[in-house]
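Undergrad: Position one of the sequence shown corresponds to residue 1 (the UniProt record's numbering), numbered consecutively onward. Could you have a look at this structure, given as C-alpha cells, before my questions?
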Amino acid sequence: MKLARSDRGSQTRELLLATAERLFAEYGVEGVSNRQVSEAAGQSNNFAVGYHVGSKEDLVVAIVRPHAASIERRCGEMVAQLPDSPGLRDWVSCLVRPAVEHLASLGVPSWYARFIAQATTHPTFRRLVVGEAFASRSFQRCHEAMFRLVPLLPEEVRRERDDMGRLMLVHICAERERALQEGTASPHSTWESTATGLVDALVGLWLAPVTARW
C-alpha cells in the first residue's frame with residue numbers, strides 16, 4: 001500500500017512539473033500561479049503543487065534539473081570525444097550542441113526552450129535557471145576553455161558578449177521550438193541546422209572586433 005501511494009505521489013509530481021513547464025512556456029512564470037498549475041493538471045487539491053513540489057521557486061528548479069542533467073551528460077560525452085588540441089569552434093560546439101540535441105529528443109510539441117526563455121526574463125527565476133542550467137561542471141569547463149582561445153577583450157565587453165551568446169542560444173532555440181509546434185518551420189530547417197547556425201554565429205561573436213567606446 002505504501003509503495004502504491006508513493007508511486008501515485010511520484011506520478012502526480014511529474015504531471016505537475018510537465019503541466020507547469022507548458023503553462024510557464026505559454027504564459028510566463030509570473031503569469032501562472034501554483035493553484036492554476038494544480039487545476040490544469042486536474043488536481044482536486046488546489047495546493048497540490050505546494051504539497052508535492054513546494055514554492056514557485058522550487059517548481060522552477062524541479063523543472064530545470066532533469067533537463068539540465070541530460071544536457072550535462074551529453075556535454076560530458078562530447079568533451080570526452082574532442083581532439084587532442086580542440087579549437088574555438090570545438091568548444092563552442094560543446095556549449096551549443098548538447099542543449100540543441102536534448103531539445104530535439106523531446107519531440108513535438110516540446111516546451112522547455114520556451115520555458116527557459118520565459119524564466120530568464122525575471123531576475124529571481126533567471127538566477128535560479130542560470131544556476132541550474134548553465135553552471136554544470138562540463139559547461140564551465142567548456143566556457144573556461146573557450147575563453148582561453150578568444151582574443152583578449154575588455155572585461156565589460158567579455159561579460160556583454162557572454163550575455164549575448166546566452167540570449168542567442170536561449171531565444172533561437174525557443175523560436176525553433178515554437179515554429180515546430182505551429183507548423184511554420186522551414187522544411188529545410190532542422191535542429192541540426194539550428195545548432196550549426198548557432199555555432200557559426202557564436203564563433204563570429206567572440207572573434208568580432210571591438211570598437212572603442214571609452
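Where a beta carbon is used, it is the ideal one built from N, C-alpha and C, also for glycine. Quick caveat: nothing in here was measured; it's all calculated off a predicted structure.
With a threshold of 16 other CB atoms inside 10 Å of the CB of LYS2, please say whether the residue is buried or exposed.
TA: Caution applies to LYS2, whose pLDDT of 49 falls short of 50 and renders its modelled position unreliable; the value that the coordinates give is listed next. Label assigned to LYS2: exposed.
Undergrad: Below 8 Å CB to CB, which residues in the same chain sit around GLN11 once its five sequence neighbours on both sides are set aside?
TA: If we look at GLN11 and ignore the five residues flanking it on each side, it has no Cβ neighbours.
Undergrad: Our contact map puts GLU39 next to TYR112 with C-beta atoms below 8 Å; I'd like the distance itself, whole angstroms only.
TA: Actually they are not in contact, since the Cβ atoms of GLU39 and TYR112 sit about 22 Å apart, beyond 8 Å.
Undergrad: What does a CB cutoff of less than 8 Å around ALA185 pick up in its chain, not counting 5 residues either side in sequence?
TA: Once the five neighbours on either side are set aside, the close Cβ partners of ALA185 are ARG176, ALA179.
Undergrad: With burial defined as no fewer than 16 other Cβ atoms inside 10 Å of the residue's Cβ, what is the status of PRO123: buried or exposed?
TA: Classification of PRO123: exposed, given that the 10 Å Cβ count is below 16.
Undergrad: CB LEU167 to CB VAL96, shorter than 8 Å?
TA: No, they are not a contact pair.
Undergrad: For the alpha helix (DSSP H) containing PHE139, list its first residue and its last residue.
TA: Segment 137 to 147, the alpha helix (DSSP H) holding PHE139.
Undergrad: Do you know how far the Cα of SER44 is from the Cα of GLU77?
TA: Their backbone Cα atoms lie some 43 Å apart in a straight line.
Undergrad: Exposed or buried, which one is GLU156 when buried takes at least 16 other CB atoms within 10 Å?
TA: GLU156 is exposed by the Cβ-count criterion.
Undergrad: Can you tell me where the alpha helix (DSSP H) with SER70 in it begins and where it stops?
TA: Element bounds for SER70: 56 to 80.
Undergrad: For LEU207 and VAL150, I'd like the C-alpha separation in whole angstroms.
TA: Near 7 Å, if we compare the C-alpha coordinates of VAL150 and LEU207.
Undergrad: Ignore the nearest five residues each way along the sequence and tell me which others in VAL49's own chain have a CB closer than 8 Å to its CB.
TA: Excluding positions up to five away in sequence, the list reads LEU16, ALA20, ASN34, ARG35, VAL37, SER38, LEU59.
Undergrad: Considering only residues of the same chain and omitting the five flanking positions on each side of PHE134, which have a CB-CB separation below 8 Å?
TA: The residues are ARG166.
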